[in-house]
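Numbering (the working numbering), first residue to last: 127 to 294.
A virtual CB, placed ideally from N, CA and C, is assigned to each residue, including glycine.
Note that the structure is a prediction, hence the values are computed from the model and not measured.
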Amino acid sequence: DYARQRQAVIDDCGAHPAVWGVHLGDEPNAEAYPDFVFAIRTLRQIAPQVQPYANLLPWFPGMEKVVGAKDWGEYLDGFVRDTGMPFLSYDCYTQMRSDPEALPIYFRNLKQYGDAARRNDIPFWTILRSVPHFAYRQPTLDDYRWQFNTALACGAKGISWFYLYQQG
């Protein structure tokens with residue numbers, strides 16, 4: 127049924143020149159991973175001209191258990207191998223927290239995703255924080271610049287923002 131529904135979406139708008147890709151999911155854990163892989167592979171078969179977009183979890187201490195891997199590099203390499211994705215994408219917002227572990231986690235994610243991208247000869251994208259959310263503070267204009275430039279300096283080829291605009 128998934129393939130039929132996905133085909134209906136592609137038939138409806140997949141050939142439109144404004145359509146770059148289809149968002150297939152966000153941050154799968156080990157339980158959701160097989161369905162996530164299936165969705166990406168199905169889209170790639172049905173509509174190879176449309177990019178599958180999938181966002182992965184950031185690394186935090188203990189996240190290997192959440193995704194069912196021995197280490198984060200194994201998880202990222204396995205994701206690329208299992209899906210054939212042409213890029214990696216993830217979000218990490220710890221740079222907008224004030225605790226002492228926040229920045230090391232932010233930079234570790236940039237390094238791990240960058241290393242995996244280089245090992246697999248694909249680019250990586252990162253999603254940065256643009257609004258307050260949960261424990262993350264409101265970024266200043268300097269924070270926007272700092273996030274953007276640190277991501278680029280660490281090799282990110284794509285930048286997205288967790289909301290560029292949010293009401294309320």
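For residue i, three-class secondary structure by DSSP
i, result
"ARG255", "strand"
"PHE205", "helix"
"VAL192", "helix"
"ASP225", "coil"
"TYR289", "coil"
"GLN175", "coil"
"TYR219", "coil"
"PHE213", "coil"
"ILE148", "A small fix is needed here, since residue 148 is Val in this sequence, not Ile. VAL148: strand per DSSP, three-state reduction."
"PHE250", "strand"
"LEU169", "helix"
"ALA243", "helix"
"ALA180", "strand"
"GLY140", "coil"
"GLY199", "helix"
Rounded separation between residue i and residue j - CA only
i, j, result
"ASP217", "SER256", "12 angstroms"
"PHE288", "LEU214", "17 angstroms"
"ARG244", "CYS139", "33 angstroms"
"ILE285", "ILE253", "6 angstroms"
"ASN246", "GLY210", "10 angstroms"
"ASN155", "GLU200", "14 angstroms"
"ARG130", "PHE274", "39 angstroms"
"GLU153", "TRP272", "25 angstroms"
"ILE136", "ALA282", "29 angstroms"
"GLY147", "TYR179", "6 angstroms"
"VAL163", "PHE260", "29 angstroms"
"PHE205", "ALA279", "24 angstroms"
"ALA165", "GLN177", "12 angstroms"
Exposed unless 16 or more other CB atoms sit within 10 angstroms - verdict on residue i
i, result
"GLY240", "buried"
"PRO174", "exposed"
"TYR128", "exposed"
"ALA134", "exposed"
"ARG207", "exposed"
CB contact check: residue i to chain E, cutoff 8 angstroms
i, result
"LEU150", "Chain labels in this structure do not include chain E; a single protein chain is all it has."
- Query: Taking contact to mean at least 3 C-beta pairs separated by less than 8 angstroms, is the segment 184-194 in contact with the segment 132-150?
  - Reply: no
- Message: Counting beta carbon pairs with one atom in the segment 219-233 and one in the segment 158-175, are three or more of them shorter than 8 angstroms?
- Response: Fewer than three pairs of CB atoms, one per stretch, sit closer than 8 angstroms, so the segment 158-175 makes no contact with the segment 219-233.
- Task: Would you check if there are 3 or more beta carbon pairs closer than 8 angstroms linking the segment 190-198 to the segment 266-281?
- Result: no
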